[in-house]
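Using our numbering, you'd call the opening residue of the sequence shown number 4 and step up by one each time.
Note that beta-carbon positions come from the ideal geometry of N, C-alpha and C, so glycine has one too.
See below for the structure under consideration.
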Amino acid sequence: MGRYYDVIVVGAGPAGLTASRLLAEMGIRVLTLDEQHRVGGQIYRRVQTASNSTLSSMGDEYRRGLELADHFHKSGAEYENGATVWNVERDGRVTYSRNGISQEIQAGYIIIATGAMERPFPLPGWNLPGVMGAGAANNLAKEAGLLPSGNVVLAGSGPILLLEASVLAKKGVQIAAILETTSKIPSGKTLQHVIPALRRTDFLFKGLKMLRDIKNSGIPHYKGVSELSAIGKTKVEAVEAVVNGKKQTFPADLFLLHFGVIPNSHIFRLIGCTMRWNSEQRYWFPSCDRWGRTSFEKIFAAGDGAGVRGALAAEYRGKIAALEVARCLGFIPKYERDTLAEPIFEAINYDSLPRPFIDAMYSPKIDGKFFKDETTLCRCENVSVGDVRKAVKEGVCEVNEVKIVTRCGMGPCQGRMCGPALAEIVAAELDSTPEMVGFLSIRPPLKAIPFSEIAKMNLNTSSQEEADLFKNMKK
Numbered sequence: 004m005g006r007y008y009d010v011i012v013v014g015a016g017p018a019g020l021t022a023s024r025l026l027a028e029m030g031i032r033v034l035t036l037d038e039q040h041r042v043g044g045q046i047y048r049r050v051q052t053a054s055n056s057t058l059s060s061m062g063d064e065y066r067r068g069l070e071l072a073d074h075f076h077k078s079g080a081e082y083e084n085g086a087t088v089w090n091v092e093r094d095g096r097v098t099y100s101r102n103g104i105s106q107e108i109q110a111g112y113i114i115i116a117t118g119a120m121e122r123p124f125p126l127p128g129w130n131l132p133g134v135m136g137a138g139a140a141n142n143l144a145k146e147a148g149l150l151p152s153g154n155v156v157l158a159g160s161g162p163i164l165l166l167e168a169s170v171l172a173k174k175g176v177q178i179a180a181i182l183e184t185t186s187k188i189p190s191g192k193t194l195q196h197v198i199p200a201l202r203r204t205d206f207l208f209k210g211l212k213m214l215r216d217i218k219n220s221g222i223p224h225y226k227g228v229s230e231l232s233a234i235g236k237t238k239v240e241a242v243e244a245v246v247n248g249k250k251q252t253f254p255a256d257l258f259l260l261h262f263g264v265i266p267n268s269h270i271f272r273l274i275g276c277t278m279r280w281n282s283e284q285r286y287w288f289p290s291c292d293r294w295g296r297t298s299f300e301k302i303f304a305a306g307d308g309a310g311v312r313g314a315l316a317a318e319y320r321g322k323i324a325a326l327e328v329a330r331c332l333g334f335i336p337k338y339e340r341d342t343l344a345e346p347i348f349e350a351i352n353y354d355s356l357p358r359p360f361i362d363a364m365y366s367p368k369i370d371g372k373f374f375k376d377e378t379t380l381c382r383c384e385n386v387s388v389g390d391v392r393k394a395v396k397e398g399v400c401e402v403n404e405v406k407i408v409t410r411c412g413m414g415p416c417q418g419r420m421c422g423p424a425l426a427e428i429v430a431a432e433l434d435s436t437p438e439m440v441g442f443l444s445i446r447p448p449l450k451a452i453p454f455s456e457i458a459k460m461n462l463n464t465s466s467q468e469e470a471d472l473f474k475n476m477k478k
């Protein structure tokens, strides 16, 4: 291991770009590792090479990525694209694969900015060709300018579902229906967050305009939908759903699903960071202090990987983490860190005003009892929902025990596609909660790596204790 950096940043989305830029501009030696071949992450995917029509159709939020990417490249931060990070140690060691070669490097601190992912939701037929995430369709539009053809049905819940529908409608895509599982009438909890959200009229007006555009397009739009399923033999041909108490069928050549986004937390679980459960949005996220420090002194979390709050908040949190790391390295004193951080914290608070309203409005309505036995849960290992329920009835009561018995979550994705639903199903069978049944353990390599690469490496196995901050919290 011959390379050392003051800081390694994993991910080049809004949080990673701003953290790396700020550190580099302070004269700190920083390396940014990104699995993608261009900076921007998911939200700003391929923004630097996007056509004018793409920039226009994606809106001002997408265009903001141009400025972030430009500042990052001018900052002097070292950058390696196509870098698959497959192991991170709490003492600052990072192992990654690039161009067929795996290597281990060391850093004083690590900022993990791996962002979020669409929540996988196993419903009947979700493994048919023609069924994909709405976010994946958005990425294809950004990456290659590809648009869906034929009849398109969008289903699920969350503002991104409606945003994607609005964007596709403007591009002339034939949308057969929008099927929202969101309740028709907002809950009392949603309404209690309205007043703080009204301070962000710009945000609310944007949402209202999006809904108006969908209505004016004439697309059939239903709420309170349940019992979704994809129908077809060799590919999706139709979508079935219960709408207004009656089962209806919608012809579909493409079925786009979106049930909100969750932190991409695998890397934090791999390290062994203390995790917390968000009961409203139903996801795990790393426990952090206000600066983004996790339960290990050298490991920081920034952006949606530490809790989903959006691209602008991710950008701010990347700056906050960078300021604290700079202080820890001795590049700035505490008073300067606090002075620089104060307006950023104010911006975070202002940006977050509508978040409780949005989170309550689109709180996932998930009941593990409603997943059908015949539905494939783990696509890597071909494990069905019924297989998991059978294991629970035989006495298994924790997700990692289910994993051992059924192999659910043992595939190459290590539970990315089945883990969230697995916990919901086990919890429902035990009349418990996902928080109580736990989350799947993650082991290196985090991503599939050829054995030949690993065999050539000389790995160090030392480790580091938890930060004092979290030791005290456990007492």
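Beta-carbon contacts of residue i that lie in its chain and below 8 Å, excluding the five residues immediately before and after
{"i": "Arg101", "result": "Glu83, Gly85, Ala86, Thr87"}
Residue environment, residue i, which counts as buried when at least 16 other CB atoms sit within 10 Å
{"i": "Glu339", "result": "exposed"}
{"i": "Leu71", "result": "buried"}
{"i": "Gly14", "result": "buried"}
{"i": "Lys478", "result": "At Lys478, the pLDDT of 41 sits below 50, so the modelled position is not reliable; the number obtained from the coordinates is stated separately. By the 10 Å Cβ count, Lys478 comes out exposed."}
{"i": "Asp341", "result": "exposed"}
{"i": "Gly161", "result": "buried"}
{"i": "Thr409", "result": "buried"}
{"i": "Glu345", "result": "exposed"}
{"i": "Pro223", "result": "exposed"}
{"i": "Leu201", "result": "exposed"}
{"i": "Ala147", "result": "exposed"}
{"i": "Gly321", "result": "buried"}
{"i": "Gln45", "result": "buried"}
{"i": "Tyr8", "result": "buried"}
{"i": "Arg6", "result": "exposed"}
{"i": "Asp63", "result": "exposed"}
{"i": "Ala168", "result": "buried"}
First and last residue of the uninterrupted alpha helix (DSSP H) at residue i
{"i": "His74", "result": "63 to 78"}
{"i": "Lys249", "result": "From DSSP, Lys249 is part of no alpha helix (DSSP H) but of the beta strand (DSSP E) over 249 to 254."}
{"i": "Leu143", "result": "137 to 147"}
{"i": "Asp390", "result": "388 to 396"}
{"i": "Arg340", "result": "337 to 354"}
{"i": "Gly210", "result": "204 to 220"}
{"i": "Val42", "result": "Where Val42 is concerned, there is no enclosing alpha helix (DSSP H), given that its DSSP letter is neither H nor E."}
{"i": "Ala200", "result": "197 to 200"}
Residue of the options minimising C-alpha distance to residue i
{"i": "Gly24", "options": "Glu240, Tyr319, Asp63", "result": "In the sequence as displayed, the identity of residue 24 is Arg instead of Gly. Nearest of Glu240, Tyr319, Asp63 to Arg24, Cα basis: Tyr319."}
{"i": "Phe360", "options": "Gln284, Lys393, Ala424", "result": "Gln284"}
{"i": "Phe442", "options": "Leu449, Glu427, Leu433", "result": "Glu427"}
{"i": "Trp89", "options": "Pro199, Leu433, Cys416", "result": "Cys416"}
{"i": "Ser78", "options": "Gly44, His40, Gly19", "result": "Gly19"}
{"i": "Ala137", "options": "Met460, Thr35, Ile181", "result": "Ile181"}
{"i": "Asp390", "options": "Lys250, Cys400, Glu377, Pro254", "result": "Glu377"}
{"i": "Leu157", "options": "Val134, Lys459, Met420", "result": "Val134"}
{"i": "Asn385", "options": "Ala344, Asn130, Gln39", "result": "Asn130"}
{"i": "Thr297", "options": "Ile108, Met278, Ala255, Thr52", "result": "Met278"}
{"i": "Asp484", "options": "Asn267, Arg41, Glu327, Val264", "result": "One cannot answer for residue 484 here, as it falls past the ends of the chain, which runs 4 to 478."}
{"i": "Asn267", "options": "Gly422, Ala451, Glu432", "result": "Gly422"}
{"i": "Arg66", "options": "Arg49, Gly235, Leu165", "result": "Arg49"}
{"i": "Gly418", "options": "Ala233, Lys450, Leu165, Gly159", "result": "Lys450"}
{"i": "Leu257", "options": "Val264, Val245, Ile114, Ala233", "result": "Ala233"}
{"i": "Ile198", "options": "Leu356, Tyr286, Ile351", "result": "Leu356"}
{"i": "Ala394", "options": "Ile114, Ala430, Arg382, Gly310", "result": "Ala430"}
Spatial neighbours of residue i in its chain, beta-carbon cut-off 7 Å, leaving aside the 5 residues before and after
{"i": "Thr193", "result": "Phe360, Ala363, Met364"}
{"i": "Gly227", "result": "Ser186, Lys187"}
{"i": "Lys406", "result": "Gly412, Met413, Leu443"}
Beta-carbon spacing of residue i, residue j below 8 Å
{"i": "Arg312", "j": "Ser444", "result": "no"}
{"i": "Phe262", "j": "Phe373", "result": "no"}
{"i": "Pro132", "j": "Val239", "result": "yes"}
{"i": "Ile270", "j": "Thr117", "result": "yes"}
{"i": "Leu150", "j": "Lys173", "result": "no"}
{"i": "Phe334", "j": "Gly30", "result": "yes"}
{"i": "Asp307", "j": "Ala119", "result": "yes"}
{"i": "Met460", "j": "Ser105", "result": "yes"}
{"i": "Glu456", "j": "Gly103", "result": "yes"}
{"i": "Ala316", "j": "Asp370", "result": "no"}
Contacting residues, own chain, Cβ-Cβ under 6 Å from residue i (five flanking each side not counted)
{"i": "Lys474", "result": "For Lys474, the pLDDT reaches just 46, beneath the cut-off of 50, and the residue's location in the model is therefore unreliable, although a value from the coordinates is still provided. No residues qualify anywhere along the chain."}
{"i": "Ser366", "result": "Glu283"}
{"i": "Ser60", "result": "none"}
Extent of the continuous beta strand (DSSP E) run through residue i
{"i": "Phe262", "result": "257 to 262"}
{"i": "Arg279", "result": "278 to 281"}
{"i": "Thr193", "result": "Thr193 -> not in any beta strand (DSSP E); alpha helix (DSSP H) instead, spanning 191 to 194."}
{"i": "Val242", "result": "241 to 246"}
{"i": "Pro289", "result": "286 to 289"}
{"i": "Phe303", "result": "302 to 304"}
{"i": "Val88", "result": "87 to 91"}
{"i": "Met120", "result": "119 to 121"}
{"i": "Gly111", "result": "104 to 115"}
Contact test: residue i Cβ vs the ligand GDP heavy atom, cutoff 7 Å
{"i": "Thr21", "result": "For the ligand GDP, the structure offers nothing, since it holds no ligand at all."}
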